[in-house]
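Chemist:
Numbering (this note's numbering), first residue to last: 5 to 434.
#1: Of the choices 338, 248 and 121, whose alpha-carbon is the least far from that of residue 391?
#2: Taking residue 236 as the reference, give the member of 10, 356, 215 and 140 with the closest Cα.
#3: Looking at residue 247: is its Cβ nearer than 9 angstroms to the Cβ of residue 148?
#4: Measure the CB-CB distance between residue 315 and residue 287 and report whether it falls below 9 angstroms.
#5: Opposite residue 140 in the DSSP bridges: which residues?
#6: Over the uninterrupted beta strand (DSSP E) stretch that includes residue 408, give me the two end residues.
#7: Using the rule of at least 16 other Cβ atoms within 10 Å of the residue's Cβ for burial, across every protein chain shown, is residue 72 buried or exposed?
#8: Could I get the ranges of all uninterrupted alpha helix (DSSP H) runs contained in the stretch 268–315, with 4 residues as the minimum, in chain order?
#9: What does the Cβ neighbour count give for residue 112, buried or exposed, with the cut at 16 atoms within 10 Å?
#10: Quick test of your reading: residue 285 and residue 241, contact by CB under 8 angstroms. State the CB separation rounded to the nearest angstrom.
#11: Out of 364, 220 and 354, state which residue places its alpha-carbon closest to the alpha-carbon of residue 259.
#12: So residue 163 and residue 129 are in contact, right, with Cβ under 8 angstroms, and what is the actual spacing, rounded?
#13: Restricting to Cα atoms, I'd like to know which of 75, 166, 168 and 17 is closest to residue 65.
#14: Using a threshold of 9 angstroms, state whether the C-beta atoms of residue 89 and residue 60 are closer than that.
#15: Between residue 361 and residue 414, is the Cβ-Cβ spacing less than 9 angstroms?
#16: Spatial neighbours of residue 98 within its chain, please: CB distance less than 8 angstroms, with the 5 preceding and 5 following residues excluded, ordered by chain position.
#17: For the beta strand (DSSP E) containing residue 129, name the first residue and the last one.
#18: Let me check understanding here. Comparing Cα to Cα, which of 169, 152 and 34 lies closest to residue 416?
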């Protein structure tokens with residue numbers, strides 16, 4: 005167990021004072037006593053502050069869940085430390101965790117009312133564990149020291165920030181009961197669909213008096229029903245391409261995919277639609293369809309736990325998304341794996357409105373890769389880009405559009421393009 009130990013300064017003061025006193029007696033020289041008096045006084049005062057207390061120290065965070073760019077305070081809690089005069093706290097550096105002070109070193113006279121705090125600011129989504137800290141206590145006159153002891157603060161869950169995104173396009177296949185999207189069937193809604201003869205059960209406020217007076221028979225204005233849609237977000241976590249610089253730096257492919265998924269999920273939720281999530285990676289993470297604030301929080305929590313990798317048993321034959329008919333599937337992927345292209349082609353062949361959001365960072369283009377690397381690496385990258393272009397062509401040949409992520413308006417043109425064929429199929433079916 006950690007206990008109070010004499011410091012080197014106390015040992016030196018006691019040794020010098022004792023030696024000087026002994027020499028003064030042996031040599032009969034009182035000058036040595038005068039010279040050693042200050043050290044003897046410091047040693048005596050240090051010995052008077054001897055303590056047998058057992059301090060208890062712990063590190064706590066004000067918040068355990070944050071969003072990218074937010075910050076919290078790491079507080080040092082001390083108990084039974086009244087004998088301490090000075091407290092020193094030194095924290096290591098952890099990836100994507102900014103500290104204030106930046107060097108992570110805090111030392112001050114101990115004040116129970118003020119404490120000894122560090123400000124922590126996560127710069128990237130994910131589950132972060134702060135670096136190990138060391139804390140040491142010192143009594144008055146620097147005589148006794150407790151520690152240093154190693155401590156680690158609790159883990160910090162950082163939710164992804166929502167990228168700037170907005171869309172004015174309607175979902176191509178609204179299949180729910182009540183929502184904000186225009187349906188192809190007549191029902192209770194706000195958009196007129198035509199004028200027809202009055203039938204039993206029609207509301208009186210729907211009567212078109214102008215047509216009724218002209219024809220001599222009651223006519224009503226029919227409207228189209230308004231339904232909600234189901235949207236499935238598929239995040240490709242098979243690999244992370246590029247370098248992540250946190251919220252203020254460059255974004256890797258997984259950064260773009262996670263933040264774009266959070267933004268699309270928030271937009272779909274505001275529109276009143278149901279949204280689900282499936283992560284293709286080493287762990288089968290999925291969130292069922294739903295809506296509301298709690299559902300959005302579940303999606304963000306699942307996205308924050310995404311880790312890149314590939315399961316050994318993962319293959320196109322075993323990958324089952326279980327997508328209901330009429331669901332709009334949004335695949336967020338850098339399209340560098342044949343598994344994702346096969347999955348996308350299968351969804352499109354099954355008649356599901358599917359689109360791919362390309363999350364490959366712009367800085368990873370063949371030109372920049374060739375300029376920044378030598379010979380063999382540049383050639384390998386160009387060959388990989390050729391394979392990627394073939395995958396994109398294969399996906400586009402099956403009728404699945406591919407668009408790069410560019411924030412607001414990314415999906416507008418694509419969704420409008422998907423709405424036309426979807427309505428034509430429904431009209432043909434009738």
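Cβ coordinates follow ideal geometry from the N, Cα and C atoms, glycine included.
Modeler: Working from what's here:
#1: By one-based count along the chain shown, residue 391 stands at place 387. If we check each option's Cα against that of residue 391, 338 comes out closest.
#2: Within the chain shown, residue 236 is the residue found at index 232, counting from 1. Comparing Cα-Cα distances from residue 236 to each of 10, 356, 215 and 140, the minimum goes to 356.
#3: One-based indexing of the chain shown puts residue 247 at position 243. One-based indexing of the chain shown puts residue 148 at position 144. Cβ distance not < 9 angstroms, so residue 247 and residue 148 don't count as in contact.
#4: Reading the chain shown from its first residue, position 311 is the one you call residue 315. Reading the chain shown from its first residue, position 283 is the one you call residue 287. Contact: yes.
#5: Taking the chain shown and counting its residues from 1, the one referred to as residue 140 is at position 136. Looking at the DSSP assignment, residue 140 forms a beta bridge with 92.
#6: Counted from its first residue, the chain shown places residue 408 at position 404. Its beta strand (DSSP E) spans residues 406–408.
#7: Here residue 72 corresponds to residue number 68 of the chain shown, with the count starting at 1. Flag for residue 72 reads buried.
#8: 297–308
#9: Numbered from 1 along the chain shown, position 108 holds the residue referred to as residue 112. Label assigned to residue 112: exposed.
#10: One-based indexing of the chain shown puts residue 285 at position 281. One-based indexing of the chain shown puts residue 241 at position 237. Their Cβ separation, rounded to whole angstroms, is 3 angstroms, which keeps residue 285 and residue 241 in contact under 8 angstroms.
#11: Position 255 of the chain shown, counting from 1, holds the residue named residue 259. That would be 364, whose Cα lies nearest to the Cα of residue 259.
#12: The residue you call residue 163 lines up with position 159 of the chain shown. The residue you call residue 129 lines up with position 125 of the chain shown. With a Cβ gap of about 6 angstroms, residue 163 and residue 129 count as contacting.
#13: Along the chain shown, read from residue 1 onward, the residue named residue 65 stands at position 61. Considering only alpha carbons, the answer is 75.
#14: Here residue 89 is taken as the residue at index 85 of the chain shown, counted from 1. Here residue 60 is taken as the residue at index 56 of the chain shown, counted from 1. Contact flag unset, no.
#15: The count along the chain shown starts at 1 and reaches residue 361 at position 357. The count along the chain shown starts at 1 and reaches residue 414 at position 410. Cβ distance < 9 angstroms, so residue 361 and residue 414 count as in contact.
#16: One-based indexing of the chain shown puts residue 98 at position 94. For residue 98, where only same-chain residues beyond five positions count, the Cβ hits under 8 angstroms are 132, 133, 134 and 135.
#17: For the purposes of this step, residue 129 is taken as residue 125 along the chain shown, with counting starting at 1. First-last for residue 129: undefined, no H or E at that position.
#18: Indexing the chain shown from 1 puts residue 416 at position 412. Selected option, being the one with the closest Cα: 169.
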